[in-house]
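Working notes, beginning with the structure itself.
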Amino acid sequence: MILLAQVSDTHFDQNPHNADRVATVLDYLDRLPHRPDAILITGDLTDSGTAAQYEQARKVLRTDIPLYVLPGNHDDRANLRRILLDVPAATGPINRAVDVGPVTVALLDSTIPGAGGGALGAATYDWLDRLLARTPADRSVLVAMHHPPVPMYSTVVDPIRLADPQRLERTIAADDRILGVLTGHMHAMGTTLFGGRPLVVAPSVASAIGGAWEVRTPGEVPIDYAPDPSVVLHAVEGRRLTSILRTVPMGGRVSVLPG
Ligand SMILES: [Fe+2]
């Protein structure tokens, strides 16, 4: 069994609130009796993409568990590359594949520089096609990106979800090796099907954004910085993806039911 921890939307902003929450989540994962094989952060590492915010992220994201990141709409490709990936500060899409045991994780860059909404460009689709063409038949594949490709009943992120996802949907539907799609962006947990496979949207570590049914007046953003952060643990066994949401208490653990 492969265990992949998905952490999302950390929004490092140089303040301690978000950084403390990420540190607590990483500490929780580090201390698990069965530690994850890898940690994946599905975008919005920083709040506005500045070098100082990536420097804070670099300091906090310290773990000996392999940790992989992909960009979200609040990120900056050049700073992310230079400060977190230690590669030259290019501005093209950051598409990478990582192998976690028998699972290949395709980390796709769904961002459009300067825009909140997402899309996969022709170069990214071609990159994914080439990756799938060279991936052996006996491997499993997870597709990860920041923007959900379908509406998730969020007045905040539905208007800025992944545009024109039909090509991705066809690719997924046609390839039995692809077990599911993992995204962030929504600042809430949600699941549905996409291309006939599970789509799992992970919550944000930084904040929670309520669904459409929590909006009192049009345009209101039902954001809440108080709820404890959560992480999604994805277990892959054979061709089955099982995703478990765990909330990580900021105030400690109560292991005996209070009377
Ligand atoms: Fe976000």
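Under the numbering used here, the first residue of the sequence shown is numbered 18, with each subsequent residue one higher.
Here a beta-carbon is modelled for each residue, glycine too, at the ideal position from N, C-alpha and C.
{"Item": "Identify every run of the beta strand (DSSP E) within the stretch 74 to 106, keeping only runs that are complete inside it and at least 3 residues long; order them along the chain.", "Value": "84 to 87"}
{"Item": "Could you spell out where the alpha helix (DSSP H) holding Pro33 opens and where it closes?", "Value": "Pro33 to Arg48"}
{"Item": "Of all the options Asp26, Thr209, Ala229 and Leu20, which has the alpha carbon lying nearest to the alpha carbon of Ala74?", "Value": "Asp26"}
{"Item": "I need the straight-line Cα distance from Tyr85 to Thr108, nearest angstrom please.", "Value": "19 Å"}
{"Item": "Candidates Ala55, Asn90 and Tyr45: which alpha carbon is nearest Thr63's?", "Value": "Asn90"}
{"Item": "Could you give the distance in angstroms between the alpha-carbon of Thr259 and the alpha-carbon of Thr209?", "Value": "13 Å"}
{"Item": "Decide if the stretch 135 to 145 is in contact with the stretch 176 to 186; the criterion is three or more beta carbon pairs, one per stretch, under 8 Å apart.", "Value": "yes"}
{"Item": "Drop a sphere of 10 angstroms on the beta-carbon of His34, count the other beta-carbons inside from all chains shown, and report buried for 16 or more, exposed for fewer.", "Value": "exposed"}
{"Item": "How many angstroms separate the CA atom of Val122 from the CA atom of Leu159?", "Value": "5 Å"}
{"Item": "In chain order, which continuous runs of the beta strand (DSSP E) of length 3 or greater are located wholly inside the stretch 126 to 186?", "Value": "157 to 161"}
{"Item": "For a test of the three-state rule: what should DSSP assign to Ala229, helix, strand or coil?", "Value": "helix"}
{"Item": "Return yes when at least one heavy atom of ligand 1 lies under 7 Å from the C-beta of Gly65, else no.", "Value": "In the sequence as presented, Gly is not what sits at residue 65; that position holds Ser. No - ligand 1 has no heavy atom lying nearer than 7 Å to the Cβ of Ser65."}
{"Item": "To the nearest angstrom, how far is it from the Cα of Arg256 to the Cα of Ile58?", "Value": "23 Å"}
{"Item": "Kindly examine ligand 1 and report whether one of its heavy atoms sits closer than 7 Å to the Cβ of Gly228.", "Value": "no"}
{"Item": "Under a Cβ-count criterion, where at least 16 other Cβ atoms within 10 Å of its own Cβ denotes burial, should Trp144 be classed as buried or exposed?", "Value": "buried"}
{"Item": "Which residues share a DSSP beta bridge with Gln23?", "Value": "Leu57 and Val249"}
{"Item": "Cutting at 8 Å between CB atoms, please list the residues of its own chain near Ala154, excluding the five before and the five after it.", "Value": "Arg194"}
{"Item": "Measuring only from the beta carbon, is Ser260 closer than 7 Å to any heavy atom that is part of ligand 1?", "Value": "no"}
{"Item": "Three or more beta-carbon pairs under 8 Å between the stretch 262 to 270 and the stretch 160 to 179, yes or no?", "Value": "no"}
{"Item": "Within this structure, are the beta carbons of Val249 and Ile240 separated by less than 8 Å?", "Value": "no"}
{"Item": "State the Cα-Cα distance for the pair Val273 and Val217, rounded to the nearest angstrom.", "Value": "31 Å"}
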